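S.K.: My questions will all concern the structure given below.
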Amino acid sequence: MSNVQDVSQSWQNELGISADEEKWDVIWSSIKISICNRARLLQFKILHRLQISPYKRHKMNPQLSPICLKCKILIGTYTHCIWSCPKIQAYWMDALQDMQRIYGVVLQMDPLSLLLGYTNRYVNVGTSSGRLYDILAFTARNNIFLSWISDKPPTKFTWHKIVMECFTSEHLTCLLHSSIGQFMKIWTPYLNFTDLTVALTD
Ligand SMILES: [Zn+2]
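Mapping of the sequence shown onto our numbering: residues 12 to 213, in sequence order.
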């Protein structure tokens, strides 16, 4: 297992960000407060950079190419494949555009919140909007790993499909706990948005 400080440093260097200890405490604790077990596991793997990138694969077997499968030009490091690859940046911008429409505010391409789970300061006005942001960002990350070994980048369309799956399972959970009021508070901005703009088909 990688040392937490080493991992934090790698993220900072590769993303070109600086986060103080307090921020990192929030990021590491985001694993515990994630929306479900699946989300917790994924966030743990991302923060520790456990999924194998082309670059890491190349280091294990030099005969295999270190080049990113999607842009086919740059070295496929972990950060490249999940964030800085031009194809992945286009995907994040696409997703962010929808998130801006959902919230009606301008959001930044901020890897700390989109990728590392740090609470987004623009939407953390109430717990329900923060929760929806967590769900949207988590599902957008999840979508990247569904096409991790594909030469095609993830799409906004498959992202919305995952969000709707999450909606369904959260709905079942809330029925069990009879917390439909809170559930609707979280999801209404998203449902309004999908009604207006996204045609979800099979
Ligand atoms: Zn690339």
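We treat Cβ as the ideally placed atom computed from N, Cα and C, and that holds for glycine. Remember, it's a predicted structure, so these values are computed and weren't measured experimentally.
(1) Classify I63 as helix, strand or coil using the three-state DSSP reduction.
(2) Which of the three DSSP states is assigned to I86 in this structure?
(3) At a cut-off of 6 Å, would you count L85 as near ligand 1, judging by its Cβ distance to the nearest heavy atom?
(4) Can you tell me which of the three DSSP states I173 falls into?
(5) Rounded C-beta distance between C92 and S124? I'm assuming under 8 Å.
(6) Is there at least one Cβ from chain B nearer than 7 Å to H91's Cβ?
(7) CB A106 to CB K167, shorter than 7 Å?
(8) In whole angstroms, what separates the C-alpha of W198 from that of M71?
(9) Measure the C-alpha to C-alpha separation of F204 and D145 and round it to an integer number of angstroms.
(10) Can at least three beta-carbon pairs, one atom from the stretch 114 to 121 and one from the stretch 18 to 26, be found at a separation below 8 Å?
(11) Would you mind working out which of L58, T179, V15, L126 sits nearest Q100, comparing C-alpha positions?
(12) Can you check whether the CB of L147 is closer than 7 Å to the CB of M110?
(13) Can you give me the Cβ contacts of P77 inside the same chain, cut-off strictly under 7 Å, excluding the 5 residues immediately before and after it?
(14) Consider the C-beta atom of K163 and the heavy atoms of ligand 1; say whether any pair is separated by less than 6 Å.
(15) In the DSSP assignment, find the unbroken alpha helix (DSSP H) run with N48 in it and report its ends.
(16) L53 to P164, Cα distance in whole Å?
(17) Taking a contact to mean a Cβ-Cβ separation below 7 Å, would you say G141 touches I38 in this structure?
(18) Does at least one heavy atom of ligand 3 sit under 6 Å from the Cβ of C47?
(19) Is it buried or exposed, S190, if we count other Cβ atoms within 10 angstroms and call 16 or more buried?
(20) Any heavy atom of ligand 1 closer than 6 Å to the CB of C185?
(21) Tell me the start and end of each unbroken alpha helix (DSSP H) in the stretch 99 to 156 that is at least 4 residues and wholly inside, in chain order.
M.R.: Concretely, from the data shown:
(1) I63: coil per DSSP, three-state reduction.
(2) The three-state secondary structure of I86, taken from DSSP, is strand.
(3) Yes - ligand 1 has a heavy atom lying nearer than 6 Å to the Cβ of L85.
(4) It is helical.
(5) Rounded to the nearest angstrom, the Cβ distance from C92 to S124 is 19 Å, too far for a contact under 8 Å.
(6) Reference to chain B is not applicable here, since this structure consists of a single protein chain.
(7) Result yes, Cβ atoms of A106 and K167 sit closer than 7 Å.
(8) Rounded to the nearest whole angstrom, the CA to CA distance from W198 to M71 is 44 Å.
(9) So the two alpha carbons sit approximately 17 Å from each other.
(10) These segments do not touch.
(11) If we check each option's Cα against that of Q100, L126 comes out closest.
(12) Remark: C-beta atoms of M110 and L147 approach each other more closely than 7 Å.
(13) Only P65, Y66, H69, I86, G87 meet the Cβ criterion.
(14) Checking every heavy atom of ligand 1 against the Cβ of K163, none is found closer than 6 Å.
(15) Per DSSP, the continuous alpha helix (DSSP H) segment holding N48 begins and ends at 48 to 58.
(16) Each residue's alpha carbon lies about 19 Å from the other.
(17) The answer is no: Cβ separation not under 7 Å.
(18) With respect to ligand 3, the structure offers nothing, as its ligand set consists of ligand 1.
(19) So S190 ends up on the exposed side.
(20) Answer for C185: no, Cβ out of range of ligand 1.
(21) Here the runs fully enclosed are 122 to 125.
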